[in-house]
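Engineer: Take any residue in the sequence shown, note its place counting from 1, add 11, and you have its number in the numbering used here.
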Amino acid sequence: MRQSRKIDHIKNALNKPDLAEAGFKDVHLLHKSIPEVNWDEIDTSCIFLGKRLAAPLVINAMTGGHPAVKEINKNLARAARETGVAIALGSQKAALENTGVIDTFQVVRKENPGGVVIANLSAHCTVDEAQRAIEMVEADALQLHVNVPQELAMAEGDRNFRGIASNISALVRQIDIPVIVKEVGFGMSMETVQQIYQAGVRIVDISGRGGTNFITIEEERCKENSRQFMGDVSDWGITTVTSIVEAKELNLPVKIVASGGLRTSYDISKSIALGADLTGISRPFLQTLIEQGSEGLVNHIQQLINGLRRIMMMCGAAGIQALQQVPVVITGNSAQWLKARGIDIGKYARKNELQVKD
Ligand SMILES: Cc1cc2nc3c(=O)[nH]c(=O)nc-3n(C[C@H](O)[C@H](O)[C@H](O)COP(=O)(O)O)c2cc1C
12 MRQSRKIDHI KNALNKPDLA EAGFKDVHLL HKSIPEVNWD EIDTSCIFLG
62 KRLAAPLVIN AMTGGHPAVK EINKNLARAA RETGVAIALG SQKAALENTG
112 VIDTFQVVRK ENPGGVVIAN LSAHCTVDEA QRAIEMVEAD ALQLHVNVPQ
162 ELAMAEGDRN FRGIASNISA LVRQIDIPVI VKEVGFGMSM ETVQQIYQAG
212 VRIVDISGRG GTNFITIEEE RCKENSRQFM GDVSDWGITT VTSIVEAKEL
262 NLPVKIVASG GLRTSYDISK SIALGADLTG ISRPFLQTLI EQGSEGLVNH
312 IQQLINGLRR IMMMCGAAGI QALQQVPVVI TGNSAQWLKA RGIDIGKYAR
362 KNELQVKD
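This is the structure:
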């Protein structure tokens, strides 16, 4: 069941338009007419999990666990290696239950021996499962996914979510690599990020609403199996933009990964300027790989990185930390949401006070 579900997810995710807005239309970076930056000096690289990436980008968690997806993981890993970005695996639970499919995950480390590879399991997992998943791919970090709406949309999904925070906290204490708590496209509030921080986690992937929607993906599986469904809440969740700002608002020493509906270099730049340390993209990379092969995916990622450089130039930011300091004007529904949540968005629009000298 778990293995065939991974195939259904890929089938149902492809060719799906993003039904909701991730909020990026509401975010505006301040143009700088006199940037005082030389194109050759612009450095899109960053350090993540102790390794240098060519850009703050991860091919985010998708697949593994079925012989048919080994080639996909191999090509995703190759593209990550060639472009210098990080890669996360799909949930490794299938390989813990059936060692016959371990190679569909291990191929990622084989293809990308020196890169950032992130393991993935549910936040329900045991310490032993987490350790086996980490060893399987010599992971640099472990993503623990939280996905309540998706589980509810699955007839066979979990229904008991008691004890997750304490499980996360036990995992953090007993695992010797960083733990990332990750949503799957429903976003995180500041209350959630605070809970995660209190459990000892220092990296969150807020994976917000506006991109891949697991309620509609599961809906198709339900239709195929003629089950009842929860389509009335198909726009459930917190957008990616508002999730980044909610997480940032706490001012905690927590690194923020922005994912969910990021589609362009502009979305990547806006996420970083809002305070994200890393950005993640999933479904569009899979789509490019299926349609244009691994060279196509390498080009896609390189174009995103080139676009990021152009935007950094127009903002006068020579590096990623400078991009995080670029003023951002937040308008529209995102501004309304954030104001209603008591967040002062003015501080994003005027990050550095103007200093005028005679
Ligand atoms: C086919 C597919 C499979 C996925 N499987 C997983 C998974 O196993 N674990 C996980 O944490 N997230 C999984 N995700 C969620 C993504 O990592 C990401 O959070 C979500 O798709 C939003 O990003 P996007 O809009 O760029 O696709 C999957 C996404 C896709 C498209």
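Virtual Cβ for every residue (Gly too), placed ideally from N, Cα, C.
With a cut-off of 8 Å, do at least 3 Cβ pairs link the segment 110 to 120 to the segment 145 to 164?
Structural biologist: At 8 Å Cβ cutoff, the stretches touch.
Engineer: Is it the case that the CB of Glu-314 approaches a heavy atom of ligand 1 more closely than 7 Å?
Structural biologist: On the sequence shown, residue 314 is found 303 positions in, with the first residue counted as 1. In the sequence on display, residue 314 carries Gln and not Glu. The answer is no for Gln-314.
Engineer: Any heavy atom of ligand 1 closer than 7 Å to the beta-carbon of Ala-130?
Structural biologist: Within the sequence shown, residue 130 is the residue found at index 119, counting from 1. For ligand 1, not one heavy atom lies less than 7 Å from the Cβ of Ala-130.
Engineer: With DSSP run on the structure shown, which of helix, strand or coil describes Ala-141?
Structural biologist: If you number the sequence shown from 1, residue 141 lands on position 130. Reduced to three states, the DSSP call for Ala-141 is helix.
Engineer: In the DSSP assignment, what residue or residues form a beta bridge with Val-339?
Structural biologist: Residue numbering aside, residue 339 sits at position 328 when the sequence shown is read from its first letter. Answer is Leu-40.
Engineer: Compare the beta carbon distance of Lys-17 and Gly-111 with 8 Å and say whether it is the shorter of the two.
Structural biologist: On the sequence shown, residue 17 is found 6 positions in, with the first residue counted as 1. On the sequence shown, residue 111 is found 100 positions in, with the first residue counted as 1. No, Cβ-Cβ distance for Lys-17 and Gly-111 is not below 8 Å.
Engineer: Take Arg-294 and list the residues in its own chain whose beta-carbon comes closer than 6 Å to its own, dropping the five residues that flank it on each side.
Structural biologist: Here the question's residue 294 lines up with position 283 in the sequence shown. Ala-24 and Thr-223, listed in sequence order.
Engineer: For Ile-70, which residues does DSSP report across the bridge?
Structural biologist: Here residue 70 refers to the residue found at position 59 of the sequence shown. Answer is Ile-98 and Ile-292, bridged to Ile-70.
Engineer: On the criterion of 16 or more Cβ atoms from any shown chain inside 10 Å, does Trp-348 qualify as buried, or is it exposed?
Structural biologist: For this step, residue 348 is matched to residue 337 along the sequence shown. Buried, because 16 or more other Cβ atoms sit within 10 Å of the Cβ of Trp-348.
Engineer: Within its chain, find whatever has a CB closer than 8 Å to the CB of Ser-177; leave out the 5 residues flanking it on each side and keep chain order.
Structural biologist: In the sequence shown, the residue the question calls residue 177 occupies position 166. The residues are Ala-210.
Engineer: Between Asn-71 and ligand 1, is there a pair consisting of the residue's CB and a ligand heavy atom that are separated by less than 7 Å?
Structural biologist: Looking up residue 71 in the sequence shown gives position 60. Under cutoff, so the answer is yes.
Engineer: By DSSP, does Ala-31 sit in helix, in strand, or in coil?
Structural biologist: Translated into the one-based positions of the sequence shown, residue 31 becomes position 20. Three-state DSSP puts Ala-31 in coil, outside helix and strand.
Engineer: Considering only C-alpha positions, which residue in the set Arg-352, Asp-139 and Ile-217 is nearest to Ala-181?
Structural biologist: Locating residue 181 in the sequence shown gives position 170, where the first residue counts as 1. It is Asp-139 whose Cα lies nearest to the Cα of Ala-181.
Engineer: Relative to the C-alpha of Pro-78, which residue among Ala-72, Gln-142 and Ala-106 is closest?
Structural biologist: As a working note, residue 78 is residue 67 in the sequence shown. When each option's Cα is compared against that of Pro-78, the closest is Ala-106.
Engineer: May I ask which residues mark the beginning and end of the alpha helix (DSSP H) holding Asp-216?
Structural biologist: Locating residue 216 in the sequence shown gives position 205, where the first residue counts as 1. Premise fails: Asp-216 lies in the beta strand (DSSP E), 214 to 216, not in any alpha helix (DSSP H).
Engineer: Please identify the residue among Glu-202, Val-157, Met-201 and Ile-186 whose C-alpha is closest to the C-alpha of Val-192.
Structural biologist: Within the sequence shown, residue 192 is the residue found at index 181, counting from 1. Looking at the Cα atoms, Val-157 is the closest of the given residues.
Engineer: For Val-337, I'd like the list of residues in its chain whose CB is within less than 7 Å of its CB, leaving aside the five on either flank, ordered along the chain.
Structural biologist: For the purposes of this step, residue 337 is taken as the residue at position 326 of the sequence shown. So the qualifying residues of the chain are Leu-40, Leu-41, Ala-284, Cys-326 and Ala-328.
Engineer: Helix, strand or coil for Leu-263? Go by DSSP, reduced to three states.
Structural biologist: Here the question's residue 263 lines up with position 252 in the sequence shown. Residue state, collapsed to three classes: coil.
Engineer: Is Gly-248 near ligand 1, judged by its Cβ being under 7 Å from some heavy atom?
Structural biologist: Looking up residue 248 in the sequence shown gives position 237. No, the beta carbon of Gly-248 sits no closer than 7 Å to any heavy atom of ligand 1.
Engineer: Flag this pair as yes or no: are the beta carbons of Gly-198 and Arg-220 separated by less than 8 Å?
Structural biologist: Position 187 of the sequence shown, counted from the start, is the residue given in the question as residue 198. Position 209 of the sequence shown, counted from the start, is the residue given in the question as residue 220. Taking 8 Å as the Cβ cut-off, Gly-198 and Arg-220 qualify as a contacting pair.
Engineer: In whole angstroms, give me the CA-to-CA distance for Ile-186 and Leu-308.
Structural biologist: The residue given as residue 186 occupies position 175 in the sequence shown. The residue given as residue 308 occupies position 297 in the sequence shown. Between Ile-186 and Leu-308, the C-alpha separation is close to 33 Å.
Engineer: If we count Cβ pairs, one from each stretch, closer than 8 Å, do we get three or more for the segment 249 to 257 versus the segment 57 to 73?
Structural biologist: The segment 249 to 257, when compared against the segment 57 to 73, does not touch it at the 8 Å Cβ threshold.
Engineer: Taking DSSP's pairing of strands, which residues face Leu-132 in a bridge?
Structural biologist: Within the sequence shown, numbered from 1, the residue matching residue 132 stands at position 121. Looking at the DSSP assignment, Leu-132 forms a beta bridge with Leu-155.
Engineer: Is there contact here, the segment 42 to 52 with the segment 267 to 275, by at least three beta-carbon pairs under 8 Å?
Structural biologist: As far as the Cβ criterion goes, the segment 42 to 52 does not touch the segment 267 to 275, which means the pair count is below three.
Engineer: When every heavy atom of ligand 1 is checked, does at least one fall within less than 7 Å of the C-beta of Ile-21?
Structural biologist: Stepping through the sequence shown from its first residue, residue 21 is reached at position 10. It does: the Cβ of Ile-21 is within 7 Å (strictly closer) of some heavy atom of ligand 1.
Engineer: Quick check for students: name the residue ranges of the beta strand (DSSP E) that lie wholly in the segment 273 to 330, counting only runs of 3 or more.
Structural biologist: Those beta strand (DSSP E) runs which fall completely within the segment 273 to 330 and span 3+ residues are 289 to 292.
Engineer: Residues in the same chain with beta-carbon distance under 7 Å from Arg-320, minus the five sequence neighbours each way, listed in chain order, please.
Structural biologist: The residue you call residue 320 lines up with position 309 of the sequence shown. Excluding positions up to five away in sequence, the list reads Ile-53 and Thr-55.
Engineer: Is the Cβ-Cβ distance between Ile-188 and Leu-153 less than 8 Å?
Structural biologist: Locating residue 188 in the sequence shown gives position 177, counting from the first residue. Locating residue 153 in the sequence shown gives position 142, counting from the first residue. Their beta carbons are under 8 Å apart, which means Ile-188 touches Leu-153 by this criterion.
Engineer: Could you pull the start and end residues of the alpha helix (DSSP H) that Ile-175 belongs to?
Structural biologist: Here the question's residue 175 lines up with position 164 in the sequence shown. Looking at the DSSP string, the run of the alpha helix (DSSP H) that includes Ile-175 is 175 to 185.
Engineer: Return yes when at least one heavy atom of ligand 1 lies under 7 Å from the C-beta of Ala-24, else no.
Structural biologist: In the sequence shown, counting from the first residue as 1, residue 24 sits at position 13. It does: the Cβ of Ala-24 is within 7 Å (strictly closer) of some heavy atom of ligand 1.
Engineer: If you count every other CB in all the chains shown that lies within 10 Å of the CB of Val-3, and 16 or more means buried, which is it?
Structural biologist: Given a span of 12 to 369 for the chain in the structure shown, any question on residue 3 remains unanswerable.
Engineer: Answer yes or no: do Glu-409 and Asp-216 have a C-beta to C-beta separation smaller than 8 Å?
Structural biologist: Given a span of 12 to 369 for the chain in the structure shown, any question on residue 409 remains unanswerable.
Engineer: Does the distance from the CB of Val-80 to the CB of Ile-98 come in under 8 Å?
Structural biologist: What you label residue 80 is simply residue 69 of the sequence shown in a count that begins at 1. What you label residue 98 is simply residue 87 of the sequence shown in a count that begins at 1. No, Cβ-Cβ distance for Val-80 and Ile-98 is not below 8 Å.
Engineer: For the alpha helix (DSSP H) that Val-204 lies in, which residues bound it at each end?
Structural biologist: Here residue 204 corresponds to residue number 193 of the sequence shown, with the count starting at 1. 201 to 209 is the extent of the alpha helix (DSSP H) around Val-204.
Engineer: Using only CA atoms, which one of Ile-331, Asn-262 and Met-73 lies nearest to Ile-292?
Structural biologist: To locate residue 292, count along the sequence shown from 1; it is residue 281. Considering only alpha carbons, the answer is Met-73.
Engineer: Just the Cα atoms here: how many angstroms apart are Ser-276 and Asp-169?
Structural biologist: Here residue 276 refers to the residue found at position 265 of the sequence shown. Here residue 169 refers to the residue found at position 158 of the sequence shown. C-alpha separation (whole angstroms): 36 Å.
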